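Using our numbering, you'd call the opening residue of the sequence shown number 4 and step up by one each time. Down below is the structure, laid out as structure tokens.
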Amino acid sequence: MSIINTLTVRHLKLNKQRTVVTIIGVILSVTMLTAVPTFVSSFLNMMQRNTIEDAGNWHVLYQGVPSQNIDEVGNDKNTAYVALGQDIGYAPLSGSRNEDKPYLFIKSYDNQGFATYNIELVDGRFPQKSSEIVISSHIADNSGITFNVGDTIKLDVGQRYQGEGNNRIPLGQDFGLINDSDDVTGETFVVEYEKEYTITGIINKPTFERNWAPGYTVISYFDRAALTPTDTVDMSVIWKDVNRQVNDQALVLAENAGVASVDVSYNRDLLRYYGIFGDNFLTMMYALAAIVIAVIITGSVALIYNSFAISISERSRYLGMLSSVGATKNQKAKSVLFEALIVGIIGIPIGLILGTIGMNITFMLTQPLIANIANNGVKLTLVTSPKVIAVAVLLSILTIFISAFIPARRASRVSPIDAIRQSQDIRISTRNIKTSKLVRLIFGFEAELGLKNLKRNSRRYKVTIFSLVISIVLFLSVSSLSLIMQKSAELATSNVPYDVKMYITSEATKQEKWDFYTDVQRMDYVDQAVIQQHTDVISNIDGEFITDEVKALIQPIGQGQNVATYETFFWLKSIDEDSLSRYAAENGIDFSLLRDTTHPRGILVNKVKVRSVDNKYFNVDHFNIQPGERLKFTHQLNGEPTEYSTEILIAALADKTPIGETTLTNPNQAELIVSEEIYAMIMSSLPETFENSRAEMLILTPNPEGLTESIKEYQKQTSITDLYIYDAAADNKKQRQVYTFVFIFFYGFVAIISTVCVANIFNTISTSVSLRKREFAMLKSIGMTPQGFNKMIRYESLLYGIKALIYGLPISFALLYLMYRIVSNSFTFAFIIPWSSIILAIIAIFAMVSLTMLYASSKIKKENIIDLLRNENI
């Protein structure tokens, strides 16, 4: 080791406090620089695994590959695994009580296919030959037909078609059942052959089977050996290397395999998390990660740079002496860089370990919150890789190098004379230290002296101010980012005000539906329930009856005699008698008036949540209508207005819908609540083609799971074959967990950044005060009292805080707005200013500066003035 490096190591040992603070700063920096890419890679990995559970583990699907070209795809250099399969066709399911699903849909997979598409076996085994089959448990639950393992079934296999002759179009599972109507010719089923299958197992309903699909999925075994030269096969491919070039590669491979480009499908839900396809979510995530890393690097540079800069000030005399005995500029610069190397060798490995362990502990502690965020029990687990570690190490090295580079250049330029005189940091001119007379008049001589001291050593003063500004920007940036992410999480969620929503999806008479809903209302766990049905109508309303806030967001459709006319789409909605009675009482209306069919009346929902042109959400009154006014409504059929209309008197205006449902967010949309009698009268006056309203039920319950099970058990005793039950309470819980997870993660990050800021302020100010020991000793030696000294320190603290806020707050606001603009590409909400964080930062900056300066100066008070005056190099 050279003599220069030996002296550097000795200097680090003699200044243990500053060395330890610098190493701690490096450790914190590396910890956070490790945590950010680790979190991003772990989160993306969780989303990839979650998507695989839902959509299957495949990247590209080639449909209709000629059998002789299978190896062309399978042997491609980027093909890891291939799942083979075929859509065999449909078979009628006789006796199904679900009229919308009258078929079995027969597919076939090889062994890899069952694994690729996550086919879950409930009972029995998977098929091993083409005459064996597994069936979905959904068949028994939904159609009422039960099959058992070991049963033999004979199926008339064929295809569904729409149209006739050469114009007929084959229909797949993406097309729901098409029945004859006035406008559409229904589908036909053509039998191609009969086949007998042995049931070897029962599976859960496959995730790829849509609710509207007309066939229940059953899966046979794909036997490649039985293929003929004219057969085609579907090939689901998992790539070895997922990169941005795979799209072009896939199209070239498809062409070589005789597959048209339209028959190439990608698993976009999965590939979006690899960044293959453009996606706002991934762009936003990477952009925010880049901002966070930039903030970390900036804060870390400020902390570590100050340590090295102060180190140069401390060692200026001995660096000058080294120059006088022949040390070159490179040797002096290398002294600082060698100090950075030692700090990095100690701090980087510790930071990598702490960052990795810290994220793992964070994932473990937050796992209960994450459990319901991802489906199918997929967990957020620690995922790291050489790339992640390399990124963290390179960013850490960059941070330390930037921090040490400028001090190293300064060290190389120190001349022997200036260094020995220690005049390079203090360059005095009358103009530079001139102060206003008001300072002495208002604050006293001590305050003026403190201000002159700061101006006299402007470089050290600027370093301190820079350090404080960076601390403010760091804290407010991360606090605002946390607030933005929480707001984004709130907008991504929609806490509906009911616990369970239910409606009947199978064919049933109106009376059967109503009886079912009424019986559910009387079940245990039901606190309150609303049975509602609605139809779509339009009303052209004069502008005088529309509020200015809403008119600013919509366009008129015409001009009347004096005012413009605005088209508004209404839900004409009825609710059951008990619910309407409560709703009428809440709005101060006589319930009996709402049942009068000779004078139809309704309650108009007059609140709408709208977004202004500057992206602010707020609730406004929709109409200027007063009770007693009449509105004319035109009925719609298939989304188009008709000649049929209804006139209804507005009995009252309400701020919310029944059960507090406030989902109106479109200024063109409104709701009018009427009684069942009036609704029935209106619908009976229309042709049968208008009978398209759907009755549904909204329920408040303390036990959604128990109620759902009770409903399903009761359903088995009725003629109702299919129900849609939405557990809103579970979604609300999941959404609250998302919010809590975001809150914990980002405020944990705020805590770490705050630690960096505190360490930065303490290190900068305490060392700055220590370097002024001789200055303070001189002031005391000429008669400055302890009270005067404290007053000078307090004024300096106040000046530091004010200056830091003058520069720090505008920079922070600019960075906050930049982050807001990035997030607003995916989420729309008003720009948020974190006032509580700003107030906290203002208080904290003054408190930290004052306490640190008092702490550092109190240590000086205990030292002997004579010794301090003799000491020329602290």
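Backbone N, C-alpha and C define an ideal beta-carbon position, used for all residues, glycine too. This structure is a prediction, so every number in the text was calculated from the model and none was measured.
Judged by DSSP secondary structure, E195 falls within the beta strand (DSSP E) whose first and last residues are 191 to 206. Exclusion of the five residues before and after L340 leaves A407, A411 as the residues of its chain whose Cβ lies within less than 7 Å of its Cβ. Partner residues in the beta bridge of I136, as assigned by DSSP, are I202, S223. Taking 9 Å as the cut-off, the Cβ atoms of G161 and E123 do not count as close.
In the structure shown, A532 adopts extended strand secondary structure according to DSSP, grouped into three states. Counting the other Cβ atoms within 10 Å of the Cβ of Y798 gives 16 or more, which makes it buried.
DSSP places V298 within a helical segment (H, G or I) once states are collapsed to three.
Unbroken alpha helix (DSSP H) stretches of 4 residues or longer found wholly inside the segment 667 to 725: 679 to 687, 707 to 718, given in chain order.
Here M288 is buried: its Cβ has 16 or more other Cβ atoms, across all protein chains shown, within 10 Å.
K715 and A733 have their C-alpha atoms spaced approximately 17 Å apart. T220 is not a Cβ neighbour of P232, given a cutoff of 9 Å. One thing to note: K104 has its Cβ within 9 Å of the Cβ of N145.
Beyond the five residues adjoining it in sequence on each side, L675 comes within less than 6 Å, by CB distance, of F573, L575, G605, L607 in the same chain, given in chain order. Beta-bridge analysis with DSSP links N543 to E570. For Q131, no pairing in a beta bridge is given by DSSP. Its Cα nearest to that of T301, the residue F469 stands out among D226, T568, F469. Following the DSSP letters along the chain, one finds Q165 inside the beta strand (DSSP E) bounded by residues 155 to 165.
Taking C-alpha positions only, L87 is separated from Y112 by approximately 6 Å. For N214, the number of other beta carbons within 10 angstroms of its own is below 16, and it is reported as exposed. Linking M367 to I353 through their CA atoms gives a straight-line distance of about 21 Å. A118: member of the alpha helix (DSSP H) spanning 114 to 119, first to last residue.
In its chain, beyond the 5 residues on either side, I7, T11 have a beta carbon closer than 6 Å to the beta carbon of S338. Excluding the 5 residues flanking it on each side, P69 has same chain C-beta neighbours closer than 7 Å at T235, G261, in chain order.
F108 carries a strand assignment under DSSP once its states are collapsed to helix, strand and coil. N207 is classed as exposed because its beta carbon has fewer than 16 other beta carbons within 10 Å across all chains shown. The alpha-carbon of Y120 is positioned some 25 Å away from that of D725. Relative to R585, the option among T331, P661, I345, V472 whose CA is nearest is P661. Assignment of R604 by DSSP, reduced to helix, strand and coil, places it in the strand class. Closest option to S769, judged by alpha-carbon separation, among S327, M781, S800, L31: S800. Ranked by Cα distance from I55, the options I241, S860, T538 are led by I241.
Here H602 is exposed, its C-beta having fewer than 16 other C-beta atoms within 10 Å. Assignment of T637 by DSSP, reduced to helix, strand and coil, places it in the strand class. Shown here for G811: same chain residues with a beta carbon closer than 6 Å to its own, the five before and five after excluded, namely V472, I475, V476 in chain order. Here the C-alpha atom of L96 lies approximately 16 Å from the C-alpha atom of G179. Pairing I400 with G347 gives a Cβ-Cβ distance under 9 Å. Between L36 and S388, the C-beta gap is not smaller than 9 Å, which leaves the two residues out of contact.
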